[in-house]
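S.K.: Its first residue numbered 10, the sequence shown is counted upward by one per residue in my numbering.
First the structure, then my questions, so here it is.
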Amino acid sequence: MEVLVFGSAIVDFVAYADRLPKAGETLHGHKFVTGYGGKGANQCVAAARLGAKCGMIAKLGDDAWGANYLKQLQAENVNVDYVEQCKGETTGIAQISVANSGENHIVIVVGANNLLSVQDVKKAKNLFDTAKVLICQFETPLNATLEALQSFKGISILNAAPAIAQTPPDLIKGATIFCVNETEAALTTGCEQISTLEHAKTAMKKLLQMGANNVIITLGALGAVYVRGEAPHTFIHVPAVRVEKVVDTTGAGDAFIGALAFNMARFNDLPWHQLIGAANRVAAYSVQHPGTQASFPNPEQAYYNAEYTWQEL
Ligand code: RIB
Numbered sequence: 010m011e012v013l014v015f016g017s018a019i020v021d022f023v024a025y026a027d028r029l030p031k032a033g034e035t036l037h038g039h040k041f042v043t044g045y046g047g048k049g050a051n052q053c054v055a056a057a058r059l060g061a062k063c064g065m066i067a068k069l070g071d072d073a074w075g076a077n078y079l080k081q082l083q084a085e086n087v088n089v090d091y092v093e094q095c096k097g098e099t100t101g102i103a104q105i106s107v108a109n110s111g112e113n114h115i116v117i118v119v120g121a122n123n124l125l126s127v128q129d130v131k132k133a134k135n136l137f138d139t140a141k142v143l144i145c146q147f148e149t150p151l152n153a154t155l156e157a158l159q160s161f162k163g164i165s166i167l168n169a170a171p172a173i174a175q176t177p178p179d180l181i182k183g184a185t186i187f188c189v190n191e192t193e194a195a196l197t198t199g200c201e202q203i204s205t206l207e208h209a210k211t212a213m214k215k216l217l218q219m220g221a222n223n224v225i226i227t228l229g230a231l232g233a234v235y236v237r238g239e240a241p242h243t244f245i246h247v248p249a250v251r252v253e254k255v256v257d258t259t260g261a262g263d264a265f266i267g268a269l270a271f272n273m274a275r276f277n278d279l280p281w282h283q284l285i286g287a288a289n290r291v292a293a294y295s296v297q298h299p300g301t302q303a304s305f306p307n308p309e310q311a312y313y314n315a316e317y318t319w320q321e322l
C-alpha cells in the first residue's frame with residue numbers, strides 16, 4: 010500500500026450563493042448539492058485518483074449516507090477493510106456555503122468519526138506495517154491520531170486541520186511533516202496573521218521551535234512554502250500554478266495533501282520543490298472545478314509531470 014489515511018469521512022451539504030452570509034443574515038443561494046467529503050476521505054480519494062494504492066481507516070454511521078459512502082470509496086479503488094459503519098451512529102456531516110469568489114465557510118458535526126480509536130490503529134496493524142505514507146487530520150479523536158502517528162514507521166503527514174489553539178506538542182513532534190494552510194498556521198503558532206511569505210517564514214520558524222520535524226504551509230494563490238528539519242534551515246517558496254478562474258476552493262487543501270502523499274510514496278527521490286509543485290498543480294485544478302472530491306483530477310487532467318520553480322526565502 011502506498012497511502013494510508015487514518016481519519017475522517019463526512020457527507021458535504023453544499024449551498025452556492027453570490028457571497029457568504031454575514032452573521033444573522035439569510036441569503037438566497039442558487040444551487041445545492043450533496044457530496045462526499047471529510048478531510049481524511051478527500052485526501053485519500055485525491056491520492057487514489059492520481060493512481061496511488063490507498064487504504065482508509067474511518068468510521069461511518071449505520072445510515073444510508075454511511076452505506077453509500079462505503080460504496081463510493083470502493084468505487085474510488087480505496088481499500089475499505091477498516092472502514093466501519095457504527096451501530097446507532099450518524100455519519101458525519103458538513104454544512105458548507107460557497108460564494109461566487111470560490112471562498113467557503115464550513116461547519117462540521119462529525120458523528121461517527123468521534124469513534125475512531127486507539128484500538129482501530131492496533132486492529133489495522135497490517136496496513137500500518139506496510140504503507141509508505143500515512144496521513145492524519147484533526148477531525149477525529151486526537152489520542153487515536155497520536156497513536157497512529159507513533160505506530161507508523163514510514164513518512165507521516167499531519168494535516169492539523171481544523172486547527173486548534175493548543176496543539177499537543179507530541180502530535181506536532183509525532184509526524185514527519187506538519188502541513189497546514191495559512192489560517193491554521195496562524196492559530197497553531199499564535200501568529201496574528203499569515204498573508205505574506207515573510208509571515209509564513211516566521212510561522213515555519215515557530216513550528217520548528219514547537220518541535221515539528223518538517224513544515225509545509227499552503228498559501229492559496231501564493232502557492233506553498235516549506236522548511237526541512239535538518240540544519241541549516243532553508244526556507245523555500247514554491248509558487249502556485251496560474252489559475253484562470255477560481256470556482257470553488259472547498260477541498261483544494263485536501264487535494265494538495267493527497268497529491269503530496271502520492272508523490273512522497275511514488276517519487277521520494279525527487280526534490281521536495283518538485284513534489285510540492287506537483288501538489289500545487291492538483292490544488293489549482295481543484296479550485297477551478299466545482300465540488301470537493303468531484304473536483305480532484307487524474308494525472309492527465311493535472312498535467313502532472315512538469316518542472317516546478319522555487320526560490321529561497
Ligand atoms: O476540507 C474540506 C472538507 O472539510 C469538506 O469536505 C468537509 O467535509 C470538511 O471536512
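The C-beta atom is built at its ideal place from N, Cα and C for all residues, glycine as well.
Which runs of the alpha helix (DSSP H), 4 residues or longer, sit entirely within the stretch 92-146?
M.R.: 127-132, 134-139
S.K.: Under 8 Å from any heavy atom of the ligand RIB, does the C-beta of A108 make it?
M.R.: Counted from its first residue, the sequence shown places residue 108 at position 99. No; taking the cut-off as 8 Å, the Cβ of A108 has no heavy atom of the ligand RIB nearer than that.
S.K.: Compare the beta carbon distance of A274 and K162 with 9 Å and say whether it is the shorter of the two.
M.R.: By 1-based counting over the sequence shown, the position of residue 274 is 265. By 1-based counting over the sequence shown, the position of residue 162 is 153. Against a cut-off of 9 Å, the Cβ pair of K162 and A274 comes out as no contact.
S.K.: If you follow the alpha helix (DSSP H) that D278 is part of, which residue opens it and which one closes it?
M.R.: In the sequence shown, the residue the question calls residue 278 occupies position 269. It is not in any alpha helix (DSSP H) - D278 carries neither H nor E in the DSSP assignment.
S.K.: Going by the C-beta, is E332 closer than 8 Å to any heavy atom of the ligand RIB?
M.R.: Given that the chain is displayed from residue 10 to residue 322, the structure contains no residue 332 and the question cannot be resolved.
S.K.: Look at the Cβ atom of S165, then the Cβ atom of I186, and state whether they are nearer than 9 Å.
M.R.: What you label residue 165 is simply residue 156 of the sequence shown in a count that begins at 1. What you label residue 186 is simply residue 177 of the sequence shown in a count that begins at 1. Yes, the Cβ-Cβ distance between S165 and I186 is below 9 Å.
S.K.: Rounded to whole angstroms, what's the CA-CA distance from M219 to E93? Just pull it up for me.
M.R.: Stepping through the sequence shown from its first residue, residue 219 is reached at position 210. Stepping through the sequence shown from its first residue, residue 93 is reached at position 84. If you take the alpha carbons of M219 and E93, they lie about 35 Å apart.
S.K.: DSSP three-state label for I173, please.
M.R.: Indexing the sequence shown from 1 puts residue 173 at position 164. Coil at I173, not helix or strand.
S.K.: Grab me the residues of A153's own chain with a C-beta within less than 7 Å of its C-beta, minus the 5 sequence neighbours each way, in chain order.
M.R.: Residue 153 sits at position 144 when you count from the first residue of the sequence shown. By the criterion of a C-beta distance shorter than 7 Å, A153 is surrounded in its chain by L125, S126, V127, D129, V130, once the five residues flanking it on both sides are discounted.
S.K.: One question on the structure: do G70 and A108 come within less than 9 Å of each other, judged by their Cβ atoms?
M.R.: Mapped onto the sequence shown, residue 70 falls at position 61. Mapped onto the sequence shown, residue 108 falls at position 99. No, the Cβ-Cβ distance between G70 and A108 is not below 9 Å.
S.K.: Suppose you measure from the CA of E253 to the CA of Q297; what does that come to, to the nearest Å?
M.R.: For the purposes of this step, residue 253 is taken as the residue at position 244 of the sequence shown. For the purposes of this step, residue 297 is taken as the residue at position 288 of the sequence shown. Each residue's Cα considered, the two are about 8 Å apart.
S.K.: Report yes if the CB atom of T149 is closer than 9 Å to the CB atom of F15, and no otherwise.
M.R.: Counting from one through the sequence shown, the residue named residue 149 turns up at place 140. Counting from one through the sequence shown, the residue named residue 15 turns up at place 6. A contact, by the Cβ cut-off of 9 Å.
S.K.: Closer than 8 Å: is that where the CB of E309 sits relative to any heavy atom of the ligand RIB?
M.R.: Here residue 309 corresponds to residue number 300 of the sequence shown, with the count starting at 1. The answer is no for E309.
S.K.: Enumerate in chain order the residues of its own chain whose CB-to-CB distance from L322 is below 6 Å, with the five nearest sequence positions on each side excluded.
M.R.: Looking up residue 322 in the sequence shown gives position 313. L206, K210, F244, H246.
S.K.: Identify every residue that forms a DSSP beta bridge with S165.
M.R.: Taking the first residue of the sequence shown as 1, we reach residue 165 at position 156. Answer is L143, bridged to S165.
S.K.: Output yes or no for whether 9 Å exceeds the beta carbon distance between N113 and T259.
M.R.: Counted from its first residue, the sequence shown places residue 113 at position 104. Counted from its first residue, the sequence shown places residue 259 at position 250. Yes, the pair counts as a contact, with Cβ atoms nearer than the cut-off.
S.K.: For the stretch 239-300, list the alpha helix (DSSP H) runs that are entirely contained and at least 4 residues long, ordered along the chain.
M.R.: 261-275, 281-296
S.K.: Kindly identify the DSSP beta-bridge partner or partners of Q320.
M.R.: Within the sequence shown, the letter at position 311 stands for residue 320. In the DSSP output, where bridge partners are listed per residue, Q320 has H246.
S.K.: Ends of the beta strand (DSSP E) at A215?
M.R.: For the purposes of this step, residue 215 is identified with residue 206 of the sequence shown, where counting begins at 1. Reading off the sequence, residue 215 comes out as Lys, not Ala. Segment 206-218 is the alpha helix (DSSP H) holding K215; no beta strand (DSSP E) there.
S.K.: In three-state DSSP terms, what is C53?
M.R.: Looking up residue 53 in the sequence shown gives position 44. In this structure, C53 counts as helix in the three-state DSSP scheme.
S.K.: Name the two residues that bound the continuous beta strand (DSSP E) containing K31.
M.R.: Residue mapping note: residue 31 aligns to position 22 of the sequence shown, counting from 1. Careful: K31 lies outside any beta strand (DSSP E) and carries neither H nor E.
S.K.: Under a Cβ-count criterion, where at least 16 other Cβ atoms within 10 Å of its own Cβ denotes burial, should S17 be classed as buried or exposed?
M.R.: For the purposes of this step, residue 17 is taken as residue 8 along the sequence shown, with counting starting at 1. By the neighbour-count rule (16 or more Cβ atoms within 10 Å), S17 is buried.
S.K.: Just confirm the distance between the C-beta atoms of G101 and V119, as a whole number of angstroms; I'd bet it's less than 8 Å.
M.R.: By one-based count along the sequence shown, residue 101 stands at place 92. By one-based count along the sequence shown, residue 119 stands at place 110. G101 to V119, Cβ: 4 Å. Contact.
S.K.: Do you know offhand how far G229's Cα is from A287's?
M.R.: Mapped onto the sequence shown, residue 229 falls at position 220. Mapped onto the sequence shown, residue 287 falls at position 278. CA-to-CA, the gap between G229 and A287 works out to about 14 Å.
S.K.: Taking 8 Å as the cut-off, is the beta-carbon of D263 closer than that to any non-hydrogen atom of the ligand RIB?
M.R.: Within the sequence shown, the letter at position 254 stands for residue 263. Checking the Cβ of D263 against the ligand RIB gives yes.
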